[in-house]
Amino acid sequence: MRGILDAIDDHARFFPEKIAYHLSSGAPVSDNNQGDNQLTYQQLITYANKLAFYLQEALKDDHSPLVVFGHKSPWMLICFLACVKSGRAYCPIDVSVPVERVRDIIIQAASPLVFALEELKVAPAESVTITAAEVMAICTGMTAEIDGTHRVGRDDVFYIIFTSGSSGTPKGVKITTDCLENFVRWAVTLGDLERIVESPTIINQAPLSFDLSVMDLYLSLYLGGTIWAVDRDTQDNMRRLLE
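Take the sequence shown: its position 111, counted from the start at 1, is 121 in this note's numbering, and no numbers get skipped.
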């Protein structure tokens with residue numbers, strides 16, 4: 011079976027206008043609007059490739075993992091893919107994580123660059139911080155895109171998710187590309203999903219820094235489906251959730 015990144019690239023090539031990611035609040039993605047709530051496969055891959063090219067040019071041979079801080083913005087998904095397409099693992103942190111734990115994670119990750127897609131109350135001393143507006147400017151302003159030679163390999167770390175730290179210092183769990191792809195291929199077999207649902211819509215409730223979200227994101231992207239993300243405000247509003 012093909013790899014996850016190859017599958018997403020194929021979906022963007024053959025079904026460019028298919029919605030890859032939808033957030034329950036905000037306004038549609040546009041080049042002039044930062045309050046976006048959905049993303050086509052073409053936008054996802056084009057923006058990720060441009061951001062990956064920027065990362066490769068800016069960081070050169072430093073392949074340390076990169077922290078992505080935010081809450082379910084479509085730009086988080088773009089940052090995730092940009093990291094791995096540039097040969098770097100990503101480390102997601104949700105805005106619900108306490109400030110001290112955020113600081114611990116950034117220090118442990120030794121990230122040379124932090125994507126701050128929401129207000130980051132921790133000033134990482136050793137890291138460059140890139141805001142959501144700056145990410146958007148890179149993605150919409152650049153013309154160069156990365157090629158497929160820099161992406162993470164099968165034995166490379168794809169992402170790092172940190173534990174809650176309830177028993178002490180948070181610990182990072184490293185997941186390789188091969189592990190992720192084996193997990194997704196297993197998930198596809200549940201109920202013969204690939205045969206029954208050609209292009210599924212999969213609801214995402216868990217924060218993107220929680221391991222439960224991995225199945226939502228990558229099962230949907232692998233199958234060319236739509237991730238329907240439900241943010242905190244929507245989860246707290248039963249009427250809105252039912253709509």
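Don't be surprised by glycine CBs; every beta carbon is placed ideally from N, CA and C.
Bear in mind the structure is a predicted one, so any value in this text is a computation, not a measurement.
(1) Taking the straight line between their C-alpha atoms, what separation do you get for G163 and L130?
(2) Taking only three categories from DSSP, how would you classify T150?
(3) Does DSSP put T199 in a helix, a strand or coil?
(4) Cα separation between G151 and Y31?
(5) With a threshold of 6 Å on Cβ separation, who are the neighbours of F79 within its own chain once the five nearest residues in sequence on each side are excluded?
(6) Using the rule of at least 16 other Cβ atoms within 10 Å of the residue's Cβ for burial, across every protein chain shown, is S230 buried or exposed?
(7) Leaving out five residues before and five after C101 in sequence, what residues of the same chain have Cβ atoms less than 6 Å from its Cβ?
(8) Just tell me which of T236, K181, Y228, K95 has its CA closest to the CA of P210.
(9) Using a 10 Å radius around the Cβ and a threshold of 16 neighbouring Cβ atoms, would you call K70 buried or exposed?
(10) Can you find at least 3 beta carbon pairs, one from the segment 19-30 and one from the segment 53-60, that sit closer than 8 Å?
(11) Should S106 go down as buried or exposed, given a rule of 16 or more other Cβ atoms within 10 Å for buried?
(12) CA-CA distance, C189 and E110?
(13) Which residue from L65, L15, Q48, G13 puts its Cα closest to that of A154?
(14) Would you mind working out which of V124, H73, P108, H21 sits nearest D166, comparing C-alpha positions?
(15) Taking the beta carbon of A37 as the centre, do at least 16 other beta carbons fall within 10 Å, making it buried, or is it exposed?
(16) Counting along the chain, where does the alpha helix (DSSP H) carrying H21 start and finish?
(17) Shortest alpha-carbon distance to C93 belongs to which of S121, V183, A239, H81?
(18) Looking only at its own chain, which residues have a Cβ that is under 6 Å from the Cβ of C89, when we skip the five neighbours before and after it?
(19) How far does the alpha helix (DSSP H) with K95 in it reach, from first residue to last?
(20) Out of A142, A197, T173, state which residue places its alpha-carbon closest to the alpha-carbon of D221.
(21) In terms of residue numbering, what span does the beta strand (DSSP E) encompassing A239 cover?
(22) Quick one: grab the DSSP three-state call for Q48.
(23) Classify G145 as buried or exposed, calling it buried when 16 or more other Cβ atoms lie within 10 Å of its own Cβ.
Working from what's here:
(1) Rounded to the nearest angstrom, the two C-alpha atoms are 31 Å apart.
(2) DSSP places T150 in helix when its eight states are reduced to three.
(3) Three-state result, T199: coil.
(4) Roughly 22 Å separates the two Cα atoms.
(5) Excluding positions up to five away in sequence, the list reads I103, A126, L130.
(6) Under this definition S230 is a buried residue.
(7) Taken in chain order, the residues that qualify are P75, V77, A119, I170.
(8) Out of T236, K181, Y228, K95, T236 has the C-alpha closest to the C-alpha of P210.
(9) Exposed: under 16 other Cβ atoms inside 10 Å.
(10) Because the criterion of three Cβ pairs below 8 Å is met, the segment 19-30 and the segment 53-60 touch.
(11) S106 should be labelled exposed.
(12) A straight line joining the alpha-carbon of C189 with that of E110 spans about 30 Å.
(13) Distance check between A154 and each of L65, L15, Q48, G13 places L65 closest, using alpha-carbon atoms only.
(14) Among V124, H73, P108, H21, the Cα nearest to that of D166 is on H73.
(15) In this prediction, A37 scores a pLDDT of 38, lower than 50, which makes its location untrustworthy; no coordinate-derived value is stated.
(16) Its alpha helix (DSSP H) spans residues 14-24.
(17) Out of S121, V183, A239, H81, S121 has the C-alpha closest to the C-alpha of C93.
(18) Spatial neighbours of C89 in its own chain (CB-CB distance under 6 Å, excluding positions within 5 residues in sequence) are listed in chain order as V78, F125.
(19) Membership of K95 in the alpha helix (DSSP H) is indicated by the continuous run 84-95.
(20) Of the listed residues, the one whose Cα sits closest to D221 is T173.
(21) Counted as a single uninterrupted DSSP element, the beta strand (DSSP E) harbouring A239 occupies residues 236-239.
(22) Residue state, collapsed to three classes: strand.
(23) In the sequence under discussion, the amino acid at residue 145 is Val, which differs from the Gly named in the question. Here V145 is buried: its Cβ has 16 or more other Cβ atoms, across all protein chains shown, within 10 Å.
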